[in-house]
Amino acid sequence: MSPADLLLTPTGVRFMGRLIPCTLGKGGIRSDKREGDGATPVGVHRIVGMLYRPDRIPAPQPWAEPILPGDLWSDDVTDPAYNQLVRAPHAPSHECLRRADPLYDLVLLTDWNWPIAQPGQGSAIFLHQWRRPGYPTAGCVAFSRQNLRWIAERLTPGARLIVRLR
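Per the working numbering: the sequence shown = residues 374 to 539.
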């Protein structure tokens with residue numbers, strides 16, 4: 374494990390010497406992740422990208438990519454683009470990345486079931502802003518806006534999110 378890694382602990386995520394409060398999936402932590410179970414998957418997940426809303430925040434890193442109008446994430450297990458960034462119009466089931474609320478103003482992408490997705494293994498596990506402390510996600514790891522920004526500004530390519538069974 375490297376100091377650049379994010380280690381999920383029972384009390385938050387440990388990163389660069391800090392313990393940062395977070396919320397997890399409503400389905401808990403699972404080693405047998407499935408699409409729609411609301412669980413945060415066990416594993417070592419590389420951070421493979423960073424997306425941000427350029428109309429709301431400045432880029433936290435030079436390698437961050439803007440979320441543009443029409444950017445979507447496919448979550449349809451029958452879609453050839455399952456668990457991939459897609460553009461509108463996109464008929465299969467998807468999640469809009471450019472949301473009215475601030476949850477996806479800054480998103481760290483993990484390599485969970487990516488780049489070659491296995492249908493049913495679960496779509497994207499993001500690190501994003503929480504709704505409020507303690508409010509569960511659909512499987513992602515969520516932080517306060519301030520803490521997410523702090524993490525993103527210090528993240529280096531190759532960093533990993535490490536999730537173990539508690």
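Just so you know, even glycine gets a beta-carbon here, dropped at the ideal spot from N, CA and C. Just so we're clear, the structure is a prediction, and the values are computed from it rather than from any experiment.
Buried versus exposed, by CB contacts within 10 Å (16 or more), residue i
i: T483; result: buried
i: Q502; result: buried
i: V417; result: exposed
i: D474; result: exposed
i: W485; result: buried
i: T413; result: buried
i: I578; result: Here the chain has residues from 374 to 539 only, and residue 578 is not among them.
Three-state class that DSSP yields for residue i in the structure shown
i: Q457; result: coil
i: Q502; result: strand
i: Y508; result: coil
i: V417; result: strand
i: R407; result: coil
i: M374; result: coil
i: R472; result: coil
i: T396; result: strand
i: P439; result: strand
Enclosing alpha helix (DSSP H) for residue i [first to last residue]
i: A525; result: 518 to 527
Given residue i as reference, the closest of the options once Cα atoms are compared
i: A437; options: Q491, G411, A377, L479; result: L479
i: A464; options: Q457, D452, L458; result: D452
i: T384; options: D378, T396, P414; result: T396
i: G409; options: A490, S496, P376; result: S496
i: V536; options: A377, M374, S375, L381; result: L381
i: P435; options: E526, L458, V386, A532; result: E526
i: L481; options: G401, C513, A461, Q491; result: C513
i: Q457; options: L379, Q491, G531; result: Q491
N- and C-terminal bounds of the beta strand (DSSP E) containing residue i
i: H463; result: Counting along the chain, H463 falls outside any beta strand (DSSP E), and DSSP gives it neither H nor E.
i: S447; result: 444 to 447
i: G385; result: 385 to 388
i: I393; result: 391 to 393
i: T382; result: 379 to 382
Original post:
Is the stretch 426 to 433 close to the stretch 494 to 509, with three or more CB pairs under 8 angstroms?
Top reply: no
Original post:
Do the stretch 437 to 444 and the stretch 398 to 405 meet, that is, are 3 or more Cβ pairs less than 8 angstroms apart?
Top reply: no
**OP:** Determine contact between the stretch 443 to 452 and the stretch 460 to 469, defined as no fewer than three beta-carbon pairs at a distance below 8 angstroms.
**Re:** yes
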